[in-house]
Amino acid sequence: MDCILCKIAAGEIKSEIIYQDQDIFVIKDINPQAPTHLLILPVEHYANLGEVADKAPELLTALFAKGADLGRQIAGERGFRVVINTGPDGGQTVDHLHLHLLAGRELQWPPG
């Protein structure tokens, strides 16, 4: 498989890994849209939200729990945003499910 995020998970491409366990890893986004912009990903390849929801819904719960934990640690009461882009119209540019955690400034709505 030629997935850049799978290669990062496997250690084939260097990245600043913030957290990793057997199911999840967290890295800094290389094109940050906020002072804190992390990607929370499954180690195993799932193309998008629909695929992981169908095949491993418990993993989706774990990804969001890790996002909530990191968001509270980083932003505290100031708040943070967790986003999943799915499909071309949803802004997904890499076909490996990942949650964006954004914090460190006031985030506007709508985002795009």
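Okay, so the sequence shown: first residue is 1 according to this note's numbering, each after it adds one. Beta carbons: idealized from backbone N, C-alpha and C, even for Gly. Since the model is a prediction, treat every value here as computed from it, not as a measurement.
Length of the line joining the Cα atoms of residue i and residue j
i             : j             : result
alanine 65    : glycine 71    : 10 Å
glutamate 106 : proline 35    : 10 Å
alanine 68    : isoleucine 74 : 10 Å
leucine 101   : glycine 91    : 15 Å
aspartate 29  : alanine 56    : 24 Å
arginine 78   : leucine 99    : 19 Å
proline 88    : glutamate 51  : 15 Å
aspartate 54  : glycine 104   : 33 Å
proline 76    : asparagine 31 : The question names proline, but residue 76 is glycine in the sequence shown. Taking the straight line from one Cα to the other gives about 23 Å.
threonine 93  : isoleucine 4  : 11 Å
Proximity winner among the options, relative to residue i (alpha-carbon distances)
i             : options                       : result
glutamine 108 : Leu49, His96, His98 and Gln33 : Gln33
glutamate 58  : Gln20, Pro110 and Ile24       : Ile24
proline 111   : Thr86, Arg81, Pro88 and Leu97 : Arg81
methionine 1  : Ile13, Gly11 and His45        : His45
cysteine 6    : Gly104, Leu97 and Leu60       : Leu97
asparagine 85 : Leu49, Leu63, Glu12 and Gln20 : Leu49
Terminal residues of the beta strand (DSSP E) in which residue i lies
i           : result
arginine 81 : 81-84
alanine 103 : 99-103
Contacting residues, own chain, Cβ-Cβ under 8 Å from residue i (five flanking each side not counted)
i            : result
glutamine 22 : Val43
leucine 27   : Residue 27 is actually isoleucine in this sequence, not leucine. Ile8, Ser15, Glu16, Ile17, Ile18, Leu38, Leu39 and Leu41, listed in sequence order.
Where the alpha helix (DSSP H) through residue i begins and ends
i            : result
leucine 63   : 57-75
cysteine 116 : Residue 116 cannot be examined here, being either before or after the span of the chain that is shown, 1 to 112.
Neighbourhood of residue i by C-beta, 6 Å cutoff - its chain only, sequence neighbours within 5 removed
i            : result
aspartate 95 : Ala47
In the region 14-55, which residue ranges form an unbroken alpha helix (DSSP H) of at least 4 residues, counting only runs that do not cross its ends? The alpha helix (DSSP H) runs of length 4 or more contained entirely in the region 14-55 are, from start to end of the chain, 49-55.
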